[in-house]
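Residue numbers (my numbering): 1285 to 1430.
Backbone N, C-alpha and C fix where the C-beta goes; we use that ideal spot for every residue, glycine too.
These figures come from a predicted structure and were not determined experimentally.
The structure appears right after this line, and notes come after that.
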């Protein structure tokens, strides 16, 4: 089962990418994430891990499974036998902005039922997160122009 949220951001892709890979700052962008603690140092790369705490959820360790610098980043965790993969896809737009797509894929036994039960909350969460990326990126760009 897949949940998707796509948004246009009036900021260059490199600005949105920096926000995307600065995972420890995500709690400043969105109320859907309470804390993020990297479990390794250095640049985010395949194999990097972070412990994420979200409201009304148990803490989970997410592991980077894919990274195409500046364009795509995916990581996954398994909760109750269900693998959740979160993917961030950034595409430059003709006007110098960014199309930011957030995907949340659920796989494994019971994932369909789980997705139907909590799908509304998941859709709302990734939409809220994408709005946070847009707000912060556009504030950053506006600050550069001031």
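Neighbour-count burial assignment, residue i, 16 or more Cβ in a 10 Å radius
i, result
"residue 1372", "buried"
"residue 1289", "buried"
"residue 1430", "Bear in mind that the predicted position of residue 1430 carries a pLDDT of just 46, short of 50, making it too unreliable to give a figure here."
"residue 1332", "buried"
"residue 1420", "buried"
"residue 1363", "exposed"
"residue 1377", "exposed"
"residue 1303", "buried"
"residue 1390", "buried"
"residue 1413", "buried"
"residue 1436", "Outside the shown range of the chain, which is 1285 to 1430, sits residue 1436, and nothing can be said about it."
"residue 1325", "exposed"
"residue 1279", "Residue 1279 is absent from the structure shown; the chain starts at 1285 and stops at 1430."
Beta-carbon proximity check, residue i vs residue j, cutoff 7 angstroms
i, j, result
"residue 1291", "residue 1393", "no"
"residue 1310", "residue 1354", "no"
"residue 1346", "residue 1361", "yes"
"residue 1330", "residue 1318", "no"
"residue 1308", "residue 1299", "no"
"residue 1396", "residue 1285", "yes"
"residue 1314", "residue 1416", "yes"
Proximity winner among the options, relative to residue i (alpha-carbon distances)
i, options, result
"residue 1316", "1406, 1424, 1423", "1406"
"residue 1287", "1426, 1427, 1410, 1416", "1410"
"residue 1381", "1322, 1350, 1424", "1424"
"residue 1297", "1383, 1285, 1312", "1383"
"residue 1340", "1426, 1402, 1414", "1402"
"residue 1323", "1348, 1314, 1357, 1352", "1348"
"residue 1357", "1328, 1408, 1422", "1328"
Unbroken beta strand (DSSP E) run spanning residue i, endpoints
i, result
"residue 1320", "1319 to 1322"
"residue 1374", "1366 to 1376"
"residue 1308", "Careful: residue 1308 lies outside any beta strand (DSSP E) and carries neither H nor E."
"residue 1288", "1286 to 1293"
"residue 1353", "That residue, residue 1353, is in no beta strand (DSSP E); it is neither H nor E in DSSP."
Element boundaries [alpha helix (DSSP H), containing residue i]
i, result
"residue 1297", "1297 to 1305"
"residue 1328", "No alpha helix (DSSP H) holds residue 1328; DSSP gives it neither H nor E."
The ligand ATP heavy atom lying under 6 angstroms from the CB of residue i
i, result
"residue 1314", "Among the components modelled here there is no ligand, and therefore nothing to report on the ligand ATP."
Checklist entry - At what residue ranges does the stretch 1373 to 1427 contain a whole run of the beta strand (DSSP E), taking only runs of 3 or more? => result 1382 to 1391
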